[in-house]
Each structure stands twice: as structure tokens, then as C-alpha cells.
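Residue numbers (UniProt numbering): 1 to 439. All C-beta atoms in this analysis are idealised placements derived from N, C-alpha and C, irrespective of residue type, glycine included. Worksheet for the structure shown next.
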Amino acid sequence: MKRWLLGLVMMLVVMVAAACSGGGEPSASDGGNSGGDSAGGESGGAEEVALDFWVFGATNYEELAAQYMEENPNVTINVRVAETDDHHNGLFTSLSAQSGAPDLAMMEIDRFDKFKQAPDRFVNLYDLGAADLQDTYLDWKWEIGESLDGEILFGLPTDIGPKAMYYNIEVFEEAGLPTEPAEVEELISSVDDFIEVGQTITEKTGKPMVDSMEMAYRAKMDGLEQNYFDEEGNLLIEDPDNGVKDAYDFAVELNDLGIVGEYTMWSAEWANAVNESGFAVELGASWLKGWMSDNAPDSSGKWRVAKLPQELAGNWGGSYITIPAETEHAEATYEFAKWLVAPEQQLTSFLSPAGLFPSAPEVYEMEEFKNTEDEYFGGQSTAQMFADAAQDIPVVYKGPDFMSVNDEIMTALTNVQQGADPEEEWNAAIERINTKLSR
């Protein structure tokens with residue numbers, strides 16, 4: 001018996017010594033940690049992890065992922081790029097099935113609230129220490145990434161879409177109007193000025209002021225603090241003081257004046273119109289430049305950017321990086337996401353052809369940011385203009401059914417442009433919306 005007990009004690013001693021040596025393989029739940037080092041750190045015996053990263057649209061995230069992998073050889077990042085609708089539909093399907101979701105995914109701001117309805121399908125980034133990063137980003141951008149009670153952080157801020165007025169100097173010259181940004185800002189300093197200049201341009205050139213009914217509508221829509229829903233989920237658009245009907249009426253007014261084009265955004269016809277100076281003004285977000293330079297390269301040098309009147313300013317677009325709860329490498333994924341949206345990488349994304357505009361104000365003070373000159377805009381430096389616009393954007397609650405409601409209103413405006421009665425179309429849209437929401 002004594003010999004048996006002695007053997008047992010010796011075996012336990014060996015086991016304890018082996019455990020204390022740290023030579024074992026870390027588990028997936030460690031997030032790739034080994035000996036206290038993150039899997040996102042420099043090798044150091046960290047577990048090798050492979051992360052799936054789903055993105056949409058034009059970004060430089062493939063290049064940044066390659067840089068991160070070079071610096072962190074234990075991490076492999078598989079980037080999948082899809083069109084915006086396909087990306088979000090695929091993500092929604094996989095999250096609903098609780099199978100097939102990536103380790104991290106971009107989320108577009110207009111669709112974010114729909115996904116927030118299932119908080120259990122995402123990692124709460126506050127649990128991983130994200131509160132330490134909050135002061136790095138614009139307040140309004142950070143708050144939109146939270147749950148309504150502020151207890152859950154669904155995503156880290158990436159780019160934003162502060163708006164300005166993209167204007168075509170060839171069209172302005174043809175209409176006998178000034179083309180220097182400061183002069184254009186003085187010329188169009190109010191909504192009434194915008195309408196008056198639009199009438200002048202169409203009268204003298206035969207070209208529309210604005211490319212589409214969508215842009216005419218978004219001109220006022222993007223600046224509303226509350227648009228379709230309140231935070232309790234109540235539909236607001238039947239309230240005449242809400243602002244949505246005013247945005248609708250503004251688009252109808254511009255159309256009645258004959259200064260709105262019939263180009264469908266993102267279509268080949270629209271790209272040709274950008275290339276060929278087919279319209280005068282695009283009320284665009286900062287990221288639009290990347291699309292224009294990629295899809296309308298022949299128009300380089302023909303466009304400039306000026307500040308919008310406050311009533312027509314706002315935010316259009318932007319995204320977040322989320323971590324679906326299915327990931328087996330939450331810590332490693334978070335380390336990469338944190339690195340990806342850090343100010344230094346946001347500067348790189350801004351300077352890339354994608355032109356993603358930073359949500360970290362620290363970038364606005366960097367010399368490389370302040371000294372940018374954009375060849376597409378004739379060497380104009382536009383960075384500070386968008387940075388100033390970014391400071392005045394309110395927190396906007398979109399609601400989970402934002403896209404459904406928006407689609408119905410856009411259908412109404414399309415019908416109006418084809419000759420339908422505006423009030424009848426508005427009422428029909430409200431009826432369709434209420435039917436959808438009651439299902």
C-alpha cells in the first residue's frame with residue numbers, strides 16, 4: 001500500500017510539473033492565447049488561427065488583412081467580398097440558422113438595427129474591453145454601434161459618410177456660373193439658392209441639377225435625427241412634423257421644376273452621366289469619390305467639392321465591424337478588428353483608392369490627412385471640408401425595418417417622376433408600409 005501511494009504521489013508531481021511548464025497547446029476558447037500572449041501578437045508560440053472576414057463594396061481591407069498577417073504569422077484572414085445586398089442577406093441567413101457565419105463581418109449603417117434585434121448572435125464587444133477605445137471615435141458614430149440601453153456594443157466604428165456637394169465644373173461653366181469652391185459655396189448657401197441655381201443650369205444647359213429622385217429625397221432625409229421610427233418602434237412618417245414628408249415634398253418640388261434627372265444610382269447609365277458631365281450636382285458622401293474614380297475615370301478633373309447648406313447636410317453610409325457569436329476565436333478576432341479600425345489604419349483606408357472617411361478624429365490632425373490633394377478633383381484638398389461636416393452629425397435611429405420603408409417611398413417617388421400624382425403615391429406608400437409592418 002505504501003509503495004502504491006508513493007507511486008501515485010510521484011505521478012501527480014509529474015503531471016503538475018508538465019502543466020506548469022506551459023508547453024501544452026492552447027484551446028480555441030483562449031482566443032489563441034498562449035502564456036498570456038494574444039493570438040494577434042507576434043508569434044511567441046501563439047496558436048495558429050484562421051479567421052473568415054466578410055466585407056462588402058470597395059474597401060482596402062484585403063490589403064490591410066495581408067499586412068496584419070505579415071505582422072502576425074500565426075493568423076490567417078480569409079476575406080470574402082460581396083455586393084452590399086448579397087453580403088447582408090447572406091449574413092442574415094447564416095446568423096438566423098446559427099450556422100455558417102464568419103468570424104467577423106462588416107455591417108452597413110442603414111441595416112444595422114435589423115441585426116441588433118438578435119443580440120445573442122453577436123459578441124458583446126464591451127466584454128472584450130472595447131470601452132477603452134470609445135474616446136478614439138466620434139461620439140455619434142460610437143453610440144449608433146450600441147444597443148439602445150448602451151449595455152451592448154455590437155460593432156467597432158469604421159468609415160463614415162459626411163456629405164458635401166460634388167459639382168461638375170463643365171456644367172457650371174456652360175451655365176455661366178462660377179466654379180471655384182469658395183464661390184460656389186457663396187452662390188449656394190441655402191435651399192432656396194440651390195433651387196434657383198438648379199433652374200438656371202437646366203435652362204441654360206438642358207441638363208438636370210440633380211441626377212435622381214433618390215438624391216433629391218436624400219438631400220433632406222439624411223440630416224433628420226428621427227426619420228421613419230422612434231426607439232420604441234413606432235412609425236413616425238404619418239406625423240406631418242416628422243420631416244420625412246418634407247423630404248418627399250422637396251424631391252417632388254425639384255422634379256416639378258424639371259431639374260431632376262432620371263439616372264438610376266450605380267447603373268451604367270449613371271456612370272456614363274458622371275463621365276460625360278450629364279448633370280450638375282451630386283449630394284454625395286465622402287466615400288463617393290472612390291466609386292467615381294473607379295467607375296467614371298474619364299471624369300477626373302471635371303468635378304469639385306463644396307460645402308452643402310446646413311439644411312441639406314448629413315451622413316450617408318458608413319459601416320461597423322461586428323463579431324458573430326459563432327466564432328471560436330473571439331479574442332483573436334477582436335485583436336484584428338481593433339487593429340483594423342485604429343486611427344493609423346483608418347488613415348491608410350482614407351488614402352487608398354477606396355477613400356473610406358475616418359471616424360477617428362485623431363486622423364483629422366495627421367499631416368498626411370490635412371495635406372491630401374485629390375487629382376480626381378483637380379488637385380483640390382477636400383479632407384478638412386468633410387472632417388468639419390463629420391462633427392455636426394446627429395445620432396440617428398434607423399429601426400429594423402428602415403430598408404423596407406425606404407424602398408416603398410422610393411417606389412412612390414419613381415412613380416411620381418413617371419407622371420403619377422404625388423399625394424396619391426404618398427398615401428399608397430403609407431398603406432403598403434403599414435401592411436408590411438403588420439405581418
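Apart from the 5 residues on each side of it in sequence, alanine 101 sits with its Cβ closer than 6 angstroms to the Cβ of Ser94, Leu95, Pro324 and Glu326 in its chain, given in chain order. Secondary structure at serine 404: helix, using DSSP grouped into helix, strand and coil. Just so you know, the alpha carbons of tyrosine 334 and valine 274 end up roughly 40 angstroms apart. Spanning the alpha carbons of glycine 284 and glutamate 328 requires a straight line of approximately 39 angstroms. Restricting attention to Val363, Trp316, Ala428 and Asp120, the CA atom closest to the CA of valine 395 is found in Trp316. Per DSSP, the unbroken beta strand (DSSP E) holding serine 319 starts and ends at 315-322. Sequence-distant Cβ neighbours of tyrosine 137 in its own chain, meaning closer than 6 angstroms and more than five residues away, are Pro157, Ser359 and Ala360. Distance from the CA of asparagine 227 to the CA of tyrosine 68, rounded to the nearest whole angstrom, comes to 39 angstroms. The region 117-196 contains, as complete alpha helix (DSSP H) runs of 4+ residues, the segments 139-144, 169-174 and 181-187 (chain order).
Secondary structure of leucine 257 (DSSP, three-state): coil. Within its own chain, the residues whose Cβ lies closer than 8 angstroms to the Cβ of aspartate 401, once the five positions on either side in sequence are excluded, are Lys114, Tyr228, Phe229, Lys436 and Leu437, listed in chain order. Nearest to aspartate 159 by C-alpha distance, out of Ser277, Leu351 and Glu408, is Leu351.
Here DSSP, grouped into helix, strand and coil, assigns tyrosine 397 to strand. Where alanine 105 is concerned, there is no enclosing alpha helix (DSSP H), although the beta strand (DSSP E) around it starts and stops at 104-108. Non-local C-beta neighbours of serine 189 in its own chain, meaning closer than 7 angstroms and more than five positions away in sequence, comprise Pro309, ordered along the chain. Per the coordinates, the alpha-carbon of glutamate 362 lies some 25 angstroms from the alpha-carbon of alanine 332. The closest CA to that of threonine 372, considering only Thr382, Glu365 and Ile237, is found on Thr382. Judged by DSSP secondary structure, isoleucine 77 falls outside any alpha helix (DSSP H) and instead within the beta strand (DSSP E) spanning 75-82.
Proline 178 is not a Cβ neighbour of isoleucine 393, given a cutoff of 8 angstroms.
Taking 8 angstroms as the upper bound for CB-CB distance, lysine 204 and glycine 176 are in contact here, some 7 angstroms apart.
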